Amino acid sequence: MEVINNQESNISELIPVAVDNCAASTLEKKWQNIDNQESPNKFIQYVDEASKQDQIIAHTRYSTRQLMLEPGFKVMDVGCGAGKDLSRLESLVESHGEVYGIDISREMVECARARMSHLPNVEVFCGDASQLPVDSNTMDAIRCERLLQHVPSPDMVIAEMVRVTKNGGRIVITDVDWSSTTISIPKSIEKINRIILNDVVFNAHPTIGIQLKGRMKQNKSIDNIEIFAQCLYTDSLAQADELLWLGERGKMAVQQGLISEEDYNQWRETIEQLELDGNFVFTMNIFTVSGTINKK
Numbered sequence: 001m002e003v004i005n006n007q008e009s010n011i012s013e014l015i016p017v018a019v020d021n022c023a024a025s026t027l028e029k030k031w032q033n034i035d036n037q038e039s040p041n042k043f044i045q046y047v048d049e050a051s052k053q054d055q056i057i058a059h060t061r062y063s064t065r066q067l068m069l070e071p072g073f074k075v076m077d078v079g080c081g082a083g084k085d086l087s088r089l090e091s092l093v094e095s096h097g098e099v100y101g102i103d104i105s106r107e108m109v110e111c112a113r114a115r116m117s118h119l120p121n122v123e124v125f126c127g128d129a130s131q132l133p134v135d136s137n138t139m140d141a142i143r144c145e146r147l148l149q150h151v152p153s154p155d156m157v158i159a160e161m162v163r164v165t166k167n168g169g170r171i172v173i174t175d176v177d178w179s180s181t182t183i184s185i186p187k188s189i190e191k192i193n194r195i196i197l198n199d200v201v202f203n204a205h206p207t208i209g210i211q212l213k214g215r216m217k218q219n220k221s222i223d224n225i226e227i228f229a230q231c232l233y234t235d236s237l238a239q240a241d242e243l244l245w246l247g248e249r250g251k252m253a254v255q256q257g258l259i260s261e262e263d264y265n266q267w268r269e270t271i272e273q274l275e276l277d278g279n280f281v282f283t284m285n286i287f288t289v290s291g292t293i294n295k296k
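Residue numbers (full-length UniProt numbering): 1 to 296.
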C-alpha cells in the first residue's frame, strides 16, 4: 500500500482554512473542526446512529454497488469518518485489494484505525479532501457520502477525486438536500416553518444533494452519469431532532434573527402536539450520483 504521500503532519494547518473560508453556522464550524470540540465523541456517536437507519443503510448499499468493485481493486472512501463503510469495501475487494479511508479529523481517523485494525489491507489517514495526499491515477474506485455539504469547495473535492482515480474507474457521491425538508404542519405556522427549513444558514452547502448531478457534469472527465434519489422519512420527532437537526434549526432561526423566540415556541409546541396526536411526519431527499472516469 504505497499510494499515500505522507502529509499528515500538516493537517492542523489545513483545518482553520476550511473553517474560515466557509460562511456557515456555528454547528457547521464544529463539524469542520471536530478535533477542537469539547466532546469529539459526540460527533462519532452521531455518525454511528445515523448510519444505523434502514433508509441510510439501503442508500449506502446502492452507492457501494455503483462502485462496481472487484477483487484486487484499490478503493478510497473520502471523508470516511469513523470508518463505517470500510469493512464492507474490504469484503468486496478481498484480501488482495486495498482500501483507503481519509478524514480531516484525527479523532475520526483514530477511531476508524482502531475499528479496522484487524484488516491489514485497510489504511486510514488524516488529510484534506480538497488536497488528497494521493498519487494521481491510482484508485480503481472512489466515493464520498454526506461530505460535500461540509467542505468549502465541493468542486475542488470532486476534481481531486477524479485526479486520483484511474481512467475507467468509478466515482460515487452521496449527499442530502436539506432544503427539501418538509414537515406535516398546520397552515397557522406555515410561514414560521418555511423560514426555519429554508432560510436558516445551516451548513456550508445545504442544497448540495440536488446539485450533485450538475456539478459532476461540469467536470469533463466524468462520463455515464447516473442519479438515484430517495426520500428519507421519520414519524419520530426525537429522531428528527437527533439525526436530522430539526430542533437545532429552529433555535438557529432565533439566533440568526429570522424569527422571534415566541415564533419558535409556537412552532415547537405545534410539532410536539402533532407527534402526540400521531400526525408528525418529516421527509428529506438524499441523492447518489455516480459516473465513470474518462480523462480525455
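Cβ coordinates follow ideal geometry from the N, Cα and C atoms, glycine included. Fair warning: this is a prediction, and the values are worked out from it, not measured in the lab.
Buried/exposed call for residue i, threshold 16 Cβ in 10 Å
{"i": "Glu226", "result": "exposed"}
{"i": "Asn41", "result": "exposed"}
{"i": "Cys144", "result": "buried"}
{"i": "Arg65", "result": "exposed"}
{"i": "Pro152", "result": "buried"}
{"i": "Ala23", "result": "With a pLDDT of 40 at Ala23, under the threshold of 50, the modelled position of this residue cannot be trusted, and the question is left open."}
{"i": "Asp223", "result": "exposed"}
{"i": "Asn167", "result": "exposed"}
{"i": "Ser260", "result": "exposed"}
7 Å Cβ cutoff met for residue i and residue j
{"i": "Gly72", "j": "Ala112", "result": "no"}
{"i": "Gly169", "j": "Ile293", "result": "yes"}
{"i": "Val164", "j": "Val134", "result": "yes"}
{"i": "Asn285", "j": "Ala229", "result": "yes"}
{"i": "Val281", "j": "Asp235", "result": "yes"}
{"i": "Val162", "j": "Asn219", "result": "yes"}
{"i": "Glu160", "j": "Leu132", "result": "yes"}
Residue from the options whose Cα sits closest to the Cα of residue i
{"i": "Ala58", "options": "Cys80, Trp178, Asp241 and Asp85", "result": "Asp85"}
{"i": "Ala129", "options": "Ser95, Gly97, Val78 and Gln149", "result": "Val78"}
{"i": "Ala238", "options": "Ile271, Thr207, Thr182 and Gln211", "result": "Ile271"}
{"i": "Gly81", "options": "His118, Ala114 and Lys251", "result": "Ala114"}
{"i": "Arg268", "options": "Val124, Gln211 and Ser184", "result": "Ser184"}
{"i": "Arg93", "options": "Ile104, Glu107, Met76 and Ser117", "result": "Correcting the residue identity first, residue 93 is Val in this sequence and not Arg. Ranking Ile104, Glu107, Met76 and Ser117 by Cα distance to Val93 puts Met76 first."}
Residues that DSSP places opposite residue i in a beta bridge
{"i": "Gln230", "result": "Ile286"}
{"i": "Ala141", "result": "Val75 and Arg170"}
{"i": "Asp128", "result": "In DSSP, Asp128 forms no bridge with anything."}
{"i": "Tyr100", "result": "Met76 and Glu123"}
{"i": "Ile293", "result": "Ile222"}
Nearest-angstrom beta carbon gap, residue j and residue i [assumed within contact, 8 Å]
{"i": "Glu49", "j": "Leu243", "result": "6 Å"}
{"i": "Ile195", "j": "Leu274", "result": "Wrong, their Cβ atoms sit about 18 Å apart, outside the cutoff."}
{"i": "Asn121", "j": "Val157", "result": "Not really, about 25 Å apart at Cβ, beyond 8 Å."}
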